[in-house]
Amino acid sequence: MGILLGLFSILFQVAIIIVIVKAIVGTKKRHYRWLQKELLVWEGQNLISRVQGDSILGIYRLARLSGEKKKLDMAKAVTLIGAGFVGLGIIFFIASNWQKIPPDFRTILVLGITLATLGMGYIFSFEKKGFSSLGTSLVFLSSLMWGGSVALIGQIYHIPVSENWYIVLLWVLPIIPVALFLNNRPVYILSSILLLVWNFMYSAETSLPNYVYPIIVFTVMLPAVRGFSAGRWVNCGALLITALSCISRDAGFDWLSLVIASGFIIYFLYRQTERVYLYAATFSFIVWAGAFYSSHNTWPNIYFLLPLSGIMYVTYTYRSKINLALCLLGLVIWQNLLLCSFSAMAHSEIDEAAFFIFQSLLGIILYIAGIMSEKKFSFFEGIYKIAGIAMIVLATYVVTFQGVLDDVFKERNIVYLFASVFAAGIITAYLIDAVRSRALNKRTVVLECAGFLVVMVGGLFIMAYPSWISLNTVVANAVFCMCALLIVFFGVETQKPAVFNFGISVFVLFIITRYLDVMWKLREKSLFFIIGGLILLGAGAFFEKQRRKVIERMKNNAG
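Here it is in structure tokens:
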């Protein structure tokens, strides 16, 4: 339960990081979108040539937008729904009268109707002009009827219920060429969904990983997308669902998630403009780390460093901030799973407080990595710092609750204690280097180092004396409060309103949490709401007044 709580906290932290990163890069993406649209206008007015437009897009690694914007076709939707109803009606009619029809005529009947429908769909799609929607619907109808035909014919040969994955496979394999050669998007979506269903049915009935499924998707389905974004998302989502399911399966399924991750990264390198494949590859590698731990609890997964290094190299090459946030998520999860494996080998239980204290120290190291990357990789500096400060604040916040300290420190986890001491050694080395290099002459560096020192010393003190519950609670709350104040001062010093507002928010969170902690115990709950409301109104007015003053001063100084 403890490790699940910890991993959920990490996922929550990274979700916040991704939201913040999205907010940072959102403006730039809107500019890119504007540029993609304006290029079409400029080319249409012969201000620039198409070659020049492609060169501009290449500089920013952007894909060319289609000149036409597709609209929802109501006629196509109606005909597709109608085709579905007709198909179901035919299937139910044949099924209800199945025993009355001679066996030989049954096969001829179902196959004949299916092929006739497919033929009419082809004629209306390509031969008769103006009836393409009807033709698309008839082809889709024939694909549905083929599934019903396979199921009904299967009764003749008495295919066992335990082998139903055969029926799905016989349904999907013939309609994939129909979707590809006739460029029928509804059938393509149907094929993608059926492949996913077949994958899970095969694994459920055989207890074996289905390696054929990702191979079919990567070699057949995704190359045939050709700008069909819905098809790309359906297949990518299906592969990610398959990878996620490997976490709860038996040993052997973890390698399936690795195959999926490898396929995504190869496909991204082939289609470099579509970042979704890079994000999916990184997420799948993270899932592989979880699936490996689930299958080999006491086997530390040191192999994860190899794909992580490759993904980081690709991330830096293509300058993807979103993917760097995902990589940091993978690094944090892998590191904790590694420590959990060592803990299992040492028969040492995981306690939540030690877990979260280690996360706060890991957050400091990520923040230091952001500082170190200022000179060489300034483009990614903010991602490391955002990830680090989010981990520090959230991990420290969890430890401020006395219930957490009281319940979990029953037995010291030597593995997390050693890892925390090692992390503290890295932080101490940075602090010593900052003193030697006289970096402390800068007030911003002093504030950063003070925050590192407070979090590190407070966390190690709590881990060293786990039985001092009351004192540890005071220490944890003092550390969290100091972090909030240092963030506020740092925002003022760097003239960054966003950092200042974040510090104020953390401080307000501290006040509200402690108020709820103490005042909720009152018997008269009306006093709780009245006093709380008055405090919040006063605090809100005070902080808003101070915030406006500070931000106005920042603007004046910037001017």
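Converting from the sequence shown to our numbering requires adding 257 to each position, the first position being numbered 1. For glycine and all other residues, C-beta sits at the position ideal for the given N, C-alpha and C.
Assumed close pair residue i, residue j - CB separation to whole angstroms, cut-off 8 Å
i	j	result
residue 684	residue 709	6 Å
residue 597	residue 539	About 21 Å separates the two Cβ atoms, so there is no contact after all.
residue 549	residue 511	5 Å
residue 470	residue 499	7 Å
residue 582	residue 662	Between residue 662 and residue 582 the Cβ distance is about 30 Å, and since that is not below 8 Å, they are no contact.
residue 403	residue 371	5 Å
residue 504	residue 547	5 Å
residue 543	residue 587	4 Å
residue 235	residue 600	The structure shown has nothing for residue 235, since the chain only spans 258 to 816.
residue 537	residue 497	6 Å
residue 733	residue 656	5 Å
With 16 other Cβ atoms within 10 Å as the buried cut-off, status of residue i
i	result
residue 489	buried
residue 602	exposed
residue 434	exposed
residue 304	exposed
residue 686	exposed
residue 406	buried
residue 722	exposed
residue 556	exposed
residue 653	buried
residue 226	Any property of residue 226 remains undetermined from this structure, which presents the chain solely from 258 to 816.
residue 438	exposed
residue 572	buried
residue 506	buried
residue 480	exposed
residue 495	buried
residue 306	exposed
residue 563	exposed
residue 250	Given that the chain is displayed from residue 258 to residue 816, the structure contains no residue 250 and the question cannot be resolved.
residue 381	buried
residue 541	buried
residue 394	buried
residue 278	Residue placement at residue 278 is poorly supported in this model, since its pLDDT is 44, which falls under 50; the coordinates still yield a value, given next. The residue in question, residue 278, is buried, as its Cβ has 16 or more Cβ neighbours within 10 Å.
Rounded C-alpha distance that separates residue i from residue j
i	j	result
residue 492	residue 467	16 Å
residue 575	residue 399	44 Å
residue 528	residue 302	30 Å
residue 315	residue 483	20 Å
residue 308	residue 428	45 Å
residue 553	residue 508	7 Å
residue 619	residue 670	17 Å
residue 384	residue 392	10 Å
residue 889	residue 545	Here the chain covers residues 258 to 816 and nothing more, so residue 889 does not appear.
residue 313	residue 526	21 Å
residue 464	residue 456	11 Å
residue 648	residue 626	14 Å
residue 645	residue 767	19 Å
residue 773	residue 758	22 Å
residue 629	residue 534	29 Å
residue 376	residue 443	17 Å
residue 396	residue 447	12 Å
residue 310	residue 623	40 Å
residue 565	residue 368	51 Å
residue 660	residue 728	13 Å
residue 756	residue 746	9 Å
residue 633	residue 577	16 Å
residue 643	residue 426	47 Å
residue 706	residue 459	56 Å
residue 390	residue 451	23 Å
residue 631	residue 713	23 Å
residue 697	residue 691	6 Å
residue 532	residue 589	22 Å
residue 743	residue 296	46 Å
residue 635	residue 741	25 Å
residue 726	residue 290	55 Å
Residue i beta carbon near the ligand FMN (any heavy atom closer than 6 Å)
i	result
residue 469	Ligands are entirely absent from the displayed structure, and the ligand FMN is therefore not among its contents.
Ordered list of alpha helix (DSSP H) runs contained in the stretch 438-499, each at least 4 residues: 442-463 and 469-473
At least 3 beta-carbon pairs within less than 8 Å: the stretch 603-616 vs the stretch 631-641: Taking a cut-off of 8 Å for Cβ pairs, the stretch 603-616 and the stretch 631-641 do not touch, as fewer than three such pairs fall below it.
Segment contact, 8 Å Cβ cut-off, at least three pairs: the stretch 669-677 with the stretch 716-729: Segment contact: the stretch 669-677 against the stretch 716-729, three or more CB-CB distances shorter than 8 Å; contact assigned.
Sufficient close CB pairs (3 or more, under 8 Å) joining the stretch 513-526 to the stretch 459-478: yes
At least three beta-carbon pairs within less than 8 Å, the stretch 757-765 to the stretch 730-742: Yes: the two stretches touch, three or more of their Cβ pairs being nearer than 8 Å.
Entirely enclosed alpha helix (DSSP H) segments - the stretch 642-719, minimum 4 residues: 659-665 and 671-693
The stretch 747-758 in contact with the stretch 696-704 per 3-pair CB rule at 8 Å: yes
Complete alpha helix (DSSP H) runs within the stretch 546-603 (minimum length 4 residues, chain order): 562-575 and 578-602
Ordered list of beta strand (DSSP E) runs contained in the stretch 714-760, each at least 3 residues: none
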